[in-house]
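In terms of the UniProt record's numbering, the sequence shown has 134 at position 134, counting the first letter as 1, and numbering is strictly consecutive. Think of the CB as a built atom: it goes at the ideal place given N, C-alpha and C, for glycine as much as any other residue. Before any comments, here is the structure.
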Amino acid sequence: MEQFKRQQIIETAMRIFKEKGYFAASMQDIAEACGMAKASIYKIFPSKEDLFTGVFVEVHRTLFEEARTLDRTLRLEGHSPKESLRRKIEYQLQFMLENYFFTREFKDLPITSNENFLIEWRKKRATLLTMHLDCFREAYGEPIVPYLGDTVAIFRGMLREYLSHSVQAAISVPMSDLAGFLVDRMEAIVGDLIASGAEPVLKASNAYFNDISPLSDEARQANLEAFLNVVVLKIKELPQPMRIREELLEVVGLLQRELGQPKPNSTLVRVYITFLDTIGDLRPYTNQLVLMLNQPAMQH
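As structure tokens, this is what we get:
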């Protein structure tokens, strides 16, 4: 009985949130639509944030459950890898379009400061990322493995943009056609990555994969060292007198040494970066370095 009541509340809340939006929807609205007292809802969901989180979890449980069912069906039907990928993407597009209020990003809602919601949101991102990685690994096999991070990042960006345009009715393409379009574009991108032997940008240690496992201090340090090595190469190419380049390289060496300390001296780090920043050609690198240094070790 309790489970039935909970499911009824979630399904009703889902409809009310979609119709009225997060701010306008009230617990009283949901209670009246359910035909029960507001106190009955509060016994199961102590707050509006808890109820929204419950709906969010249910929507994505359905998404992942139906995606797994589709995957099993496609395997039994024996479709080509490309057609299977198209069918999977078509399903995701259609589901996310119909449930866009719960599958989009939530940067404009106060719910993002609710810890329980954030826990579920991170679980969803990790599961969705894993699903996308699996989709492309199954479609392209071993050759794509070094480029999975880049492939999925590009795909997710396209998926997000085209979904947004579809929701705003800026495009009128059926989701089945849009899925075919995306698959064709991704095939060109993947083919080029594999044929060119390009150096992957997103590897397992990159912050992008923070969705699955928070970036460790060791991984962050490795990323900083790799980036500073790029800065060294850039300095060597600068159209500056040898004396200036040597000074810059010396400062980068001091910066590398300081950042390698258990507790780097923030004043020294700022001084070294400020010195490098005096060279216009290095400014994009120093700006990026500052951003990298300002990222918390476990940020989502």
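Residue burial annotation: Leu282 is buried, with at least 16 other C-beta atoms found within 10 angstroms of its C-beta. DSSP places Lys38 in the helix class (H, G or I) of the three-state scheme. For Leu202, the CB contacts under 6 Å within the same chain, skipping 5 residues up- and downstream, are Gly149, Asp150, Ala153 and Tyr208 in chain order. In the same chain as Ile273, and ignoring 5 residues on each side of it, the C-beta atoms closer than 6 Å to its own belong to Thr286, in chain order. Leu193 sits in a helix when the DSSP states are folded into three classes.
Around the beta carbon of Met1, a 10 Å sphere encloses fewer than 16 other beta carbons of the protein chains shown; the residue is thus reported as exposed.
Val183 counts as buried, since no fewer than 16 other beta carbons sit within 10 angstroms of its beta carbon. With a cutoff of 8 Å on beta-carbon distance, Phe52 and Tyr100 are scored as not near each other. If you draw a straight line from the Cα of Arg6 to the Cα of Ala13, it comes to about 10 Å. Sequence-distant Cβ neighbours of Glu258 in its own chain, meaning closer than 8 Å and more than five residues away, are Pro264, Asn265, Leu268, Val269 and Tyr272. Counted as a single uninterrupted DSSP element, the stretch harbouring Lys107 is not any alpha helix (DSSP H), since DSSP gives it neither H nor E. Apart from sequence neighbours up to five positions away, the residues of its chain that approach Asp29 with a beta-carbon distance below 8 Å are Ile16 and Lys20, ordered along the chain. When DSSP states are grouped into helix, strand and coil, Gln261 belongs to the coil group.
Contact between Gln94 and Met175 holds, with the beta-carbon distance rounding to 5 Å and staying under 8 Å. The Cβ atoms of Leu163 and Phe227 lie no closer than 8 Å to each other.
Spanning the alpha carbons of His79 and Asp71 requires a straight line of approximately 11 Å. Annotation for Leu128: no residue places its beta carbon closer than 7 Å to its own, counting only its chain and skipping 5 residues before and after. Inclusion of Tyr91 and Ala126 in the CB contact set at 8 Å is not warranted, their separation being larger than that value.
Of Asp177, Ala222 and Phe45, the smallest CA-CA separation from Leu293 is found for Ala222. Going by DSSP, His165 is part of the alpha helix (DSSP H) stretching over Leu148 to Val167. Ranked by how close their Cα comes to the Cα of Asp217, the residues Gly260, Phe64 and Glu199 have Gly260 in first place.
In chain order, Pro143 place their CB closer than 6 Å to the CB of Ile194, counting only its own chain and leaving out the 5 sequence neighbours on each side. Shown here, Pro174 sits in coil according to DSSP, grouped into three states, outside any helix or strand. Ala139 is positioned such that its CB atom lies closer than 8 Å to that of Lys82. Taking a C-beta distance under 8 Å as the contact criterion, Asp192 and Asn116 do not qualify as a contact pair. No beta strand (DSSP E) of 3 residues or more sits fully in the segment 47-125. Assigned with DSSP and collapsed to three states, Leu238 falls in coil, not helix or strand. The residues Thr53, Phe56 and Val57, in chain order, have a CB closer than 7 Å to that of Glu120 in the same chain once the five nearest residues on each side in sequence are set aside.
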